[in-house]
Amino acid sequence: MNTLALDSKEKTGKNVVNDFSIQVATVNGSGSQSSNNVLMRSIFQMGIPVSGKNLFPSNIAGLPTWFTIRVNKNGYIARKKHIDIMIAMNPQTAIEDVKGLNPGAVCISPIELKLDAVRSDVRHYQVPFAELASKASDNMKLRKLLTNMIYVGVVADLLNIDQTQIDIAITKQFDGKAKAIDLNLNAVKIGREWARENLKKVDQYSVEPMDKTQGKIIIDGNAAAGLGCMFAGVTVVTWYPITPSSSLCESLIDYLKEHRIDKASNKATFAVIQAEDELAAVGMALGAGWAGARSMTSTSGPGISLMSEFVGFGYFTEIPTVIFDVQRVGPSTGMPTRTSQADLMSTFLLSHGDTKHICLLPGSVQECYEMATEAFQIAEMFQTPVFVMTDLDLGMNNWMSEPFKYPTTPINRGKVLTAADLEKAGKFERYADVDGDGIPYRTLPGTDHPLGAYFTRGSGHTAKATYTEKPEDYLYLMDRLAKKFETAKKHVPAPVVDTVSGAKIGIIAFGSSDFAVQESRDQLKEKGLATSYLRLRALPFTAELKQFVDAHDVVYVVEQCRDAQLRDLIRLELPESSMKFKSVLHYNGLPIDADFVTEAIIKGEGK
Amino acid sequence: MTAAPPTNRIGLTLSDYKGAPSTLCDGCGHDAITSQIIRAFYELGIEPHNVAKMSGIGCSSKTPAYFLNRAHGFNSVHGRMPSVATGAALANKHLHLIGVSGDGDTASIGLGQFCHLVRRNIPMIYIVENNGVYGLTKGQFSATADIGSKLKTGVMNELPPIDLCGLAIELGCGFVGRSFAGDPRQLQALIKAAASHKGTAVLDVISPCVTFNNHEGSTKSYKYAKEMETPLHELGFIPFYEQINVDYEPGTVQEVEMHDGSKIRLKKTERDYDATDMVGAIQTIKKAHDEKQFLTGLLYINENKDDFVSMMDTVDESLATLPESMTRPGKDVLESIMKELM
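Quick note, the sequences are listed as chains A and B, same order. My numbering puts the first residue of the first sequence at 94, with every later residue one more than the last. My numbering puts the first residue of the second sequence at 204, with every later residue one more than the last.
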């Protein structure tokens, strides 16, 4: 018998429509990514909110990998802690996978794994995948790939996924390649038909069409950021491959090649260079920024550590560039394919001496796009390296989003003096605070004016950019840099604040924690706990932070690190409130989920 | 009334090519090199505002402040000038880049970046002011110190030197010269020729450190270098704008035409050295080490190599100053990308 009901007397229970999670356990390098995308897209195209997360090893082929799809009618897209439907395709992990399920969960597995013997309190659908795959193709290699589409067919039948949407998703996935489309569609059909004829529905999960994804897009944060860089007018891109940031520059390169070739000359309006290491990548970005390009690089924690010296140089000599940090688990090599927010403090204060940097903290794919564009504006406006800090969860996973908006602000290159400006002004001091905002004027190499040149040095320098070791010169420089940082507070993205009247509890979070916090707040509300929420979008802190903290009795700082880095930065900023803060810290490498936040706050409130 | 100072072909005087007064030790080899840079750029009539002066950290890296005041300068971090120069070259391909580094800056901390700069063939002059020691930190050996060379304290170097010229040739560099701060004529000709080269031009210039490495037992002292210097050829440079034809006895001169029409004339000595033979150049360098010779001149030239910036195939304008109309695609582009993602 292929279908096994529960041992318990309990019947199937209430139908659960459009609210569950599916996890597919496979082996990396087995080609399951396409099938999982098709599954996710088909549901998305039915108008039902979805999110997808790829949990993969730091390995190319042969190790376990899991893809989770969350289907949620309310639009919650954070990770869901418990798996409702497990597709256990990987014999290496199948026993662990099925053991991890809650009683009553669903498990779809190859019949020969005999998983029903492992858990009798799980609803099993056992499928002869090998036999079905032999019908899908004569080619052994293809059979392995098509097995993945067969489970799509089985799931489609069980959940009632609209076949038309699967057809569309497959056509999109295989980009019009007729042969591949036919093979894959056929495999889905084989799975679907076999399920229809042989499986008796014993679970409660299904999908029904909705209208909640109309006009929405699906994209990962790295591609979104890459897109933002292109529309920011980036001209020099330097990078060194590192997980999980590589796909940011790779997406950007694809976009640039397609959309940034000058039509008149058929030549590129950009240059991309794969550097020999991150030391060089950031050096190139700074050299390009100094010479006037909109430059950027992208990396992750280990690269940030390597860039440290140069970033201090950029801060001190006032050179614009944009550095993306797609954070992964550290310290050291850490867990390269797992997510974290633990670079926050070290990046904010990166490099020796008194340094602090503007850091933008996108909390969605849309903000990855928008803040990428904004980062270039801020970097050139303030003549300083600007960090955009995302993480693996945001960067490499697929997220549903509103379509991105075209930038409304023209490109602003900051205080750059041309030869004509110099002629008019009659003088030029590179590091003088002319406007009282701490931001000096600069010229670009190649400026054809006797006053145009200056000397950039990481050693002590005067307002005229000459060498100095004089105490008063150094104080002038450092105090002006501090003033510039103050000015930046008025220009960085302000936090998003939702103050609930009467709420005594405040929550502060940033980045990818946002999805879990939003869902958690609804859960807390159901339990009678009203919360206000401040989602931080940049460092330095802005005035909204103090107002928010003052307005609440207790403030939970939710972050994905061990050492409560954001809480400590807030404490430094607001020492008088330092006893108000409680931490919710999620740092096991998995994306944070709503239940975790809710449980921590309930515990914190003694409820 | 004093006569107006002479001017070059673009109407500038020698002092337009000068920099701030040097703060290096009296007699430092680096100052002699600085003078030849000033002279070479003046005589070539290169527009100083179109030059960018790059350096790392160390005594040598201070020198860009001492020449071409009208050019932007960039004193970067230790050993990392190549990456900054690479970025600047991509941002504005019309700049003439000249980098000045030292043996510590290039052969130790910056060896990796030096190799990759050469490998990419970034168009720039890259001068190594090579004295075999760390001057700013008071005289420790660098990686170019010869085996058996002694510090003032009597400490002997036991490790083999890294030969930056040999390394550059190995990495495919199309212009590699070695000279001596005490040989102004040859040095100036090499700098001028390097300025016409389209790609990385590496000049390893022995530049004695008068304070820490100019004593008996040093192989980078003035005395040693003067006694040992053996030019491979007599080197002449004829810029594209002043073609002079001189008749030479056949076979006595090797003439190399550069991409801009300038010519290098290498008058042969008894060695009969061929500067276009890469394998021969490497052999000559190896042999010179074994026989403790100090050979100077143009070790290797190849004018037929693509430089990295040209390979990027960017628009004619400098990327740095492209208008928004060329760097921000239209709304229609974003809309079509969004449609694909729906």
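The C-beta atom is built at its ideal place from N, Cα and C for all residues, glycine as well.
N- and C-terminal bounds of the beta strand (DSSP E) containing residue i
i	result
I467 of chain B	466-471
P478 of chain A	478-484
Q457 of chain B	456-460
H436 of chain B	436-441
P203 of chain A	199-203
K517 of chain A	Not the beta strand (DSSP E): K517 of chain A falls in the alpha helix (DSSP H), residues 512-518.
V290 of chain B	One detail in the question is off: residue 290 of chain B reads as Gly in this sequence, not Val. Looking at the DSSP string, G290 of chain B is not in any beta strand (DSSP E); the run it does join, the alpha helix (DSSP H), is 284-294.
N507 of chain B	That residue, N507 of chain B, is in no beta strand (DSSP E); it is neither H nor E in DSSP.
E652 of chain A	647-652
Distance CB(residue i)-CB(residue j) smaller than 8 angstroms
i	j	result
K360 of chain A	T517 of chain B	yes
T430 of chain A	T336 of chain A	yes
L132 of chain A	I178 of chain A	no
L498 of chain B	L469 of chain B	no
F641 of chain A	V590 of chain A	yes
S127 of chain A	I176 of chain A	no
I372 of chain B	L501 of chain B	no
V303 of chain B	S258 of chain B	yes
G531 of chain A	E565 of chain A	no
I600 of chain A	V651 of chain A	yes
Y560 of chain A	R550 of chain A	yes
A318 of chain A	C461 of chain A	yes
I240 of chain B	H299 of chain B	no
M489 of chain A	N147 of chain A	yes
C376 of chain B	T403 of chain B	yes
V509 of chain A	T536 of chain A	yes
Minimum Cβ-Cβ distance from residue i to chain A less than 8 angstroms
i	result
Q277 of chain B	At residue 277 of chain B the sequence reads Phe, which differs from the Gln that was named. Yes - at least one Cβ of chain A is within 8 angstroms of the one on F277 of chain B.
M545 of chain B	yes
A428 of chain B	no
E572 of chain B	This structure leaves residue 572 of chain B out entirely; chain B is present only between 204 and 545.
E527 of chain B	yes
V518 of chain B	yes
P532 of chain B	yes
G375 of chain B	no
Beta-bridge partners of residue i, as assigned by DSSP
i	result
N278 of chain B	A:R550, B:S258
V51 of chain A	The displayed coordinates of chain A run from 94 to 700. Any statement about residue 51 of chain A would go beyond what the structure contains.
C322 of chain A	Paired residue(s): none; C322 of chain A is not in a bridge.
A364 of chain A	A:V329
F383 of chain B	B:I409
I328 of chain B	B:I301, B:A404
E432 of chain B	B:F497
Min CB distance residue i to chain B below 8 angstroms
i	result
H445 of chain A	no
S457 of chain A	no
S388 of chain A	yes
W383 of chain A	yes
I310 of chain A	yes
L97 of chain A	Confidence in L97 of chain A is poor, its pLDDT being 49 and thus under 50, which makes the residue's placement too unreliable to answer from.
A546 of chain A	yes
F403 of chain A	yes
Endpoints, the alpha helix (DSSP H) within which residue i is located
i	result
G338 of chain B	Premise fails: G338 of chain B is in no alpha helix (DSSP H) and is neither H nor E.
M133 of chain A	125-138
V404 of chain A	394-410
R242 of chain B	232-247
K542 of chain B	534-544
Q316 of chain B	314-323
P564 of chain A	564-581
Contacts around residue i, its chain only, beta-carbon distance under 8 angstroms, and the 5 residues preceding and following it disregarded
i	result
T210 of chain B	T216
Sequence-distant residues of the same chain with beta carbon closer than 7 angstroms to residue i, five excluded per side
i	result
H418 of chain B	K355, S424
N279 of chain A	A229
F324 of chain A	T466, P500
K353 of chain B	M359, G420, S421
F141 of chain A	At residue 141 of chain A the sequence reads Ile, which differs from the Phe that was named. Around I141 of chain A: N111, V164, K166, V300, M303, K305, T306.
K520 of chain A	L544
Cβ neighbours of residue i in the same chain (closer than 6 angstroms, five flanking residues each side left out)
i	result
M94 of chain A	Note that M94 of chain A scores 39 on pLDDT, short of 50, meaning its location in the model is unreliable; the coordinates nonetheless yield the value given after this. The answer is none, since no qualifying residue turns up.
V327 of chain A	R387, M389
Contacts of residue i in chain D (Cβ-Cβ under 8 angstroms)
i	result
P503 of chain A	Among the protein chains of the structure shown, namely A and B, there is no chain D.
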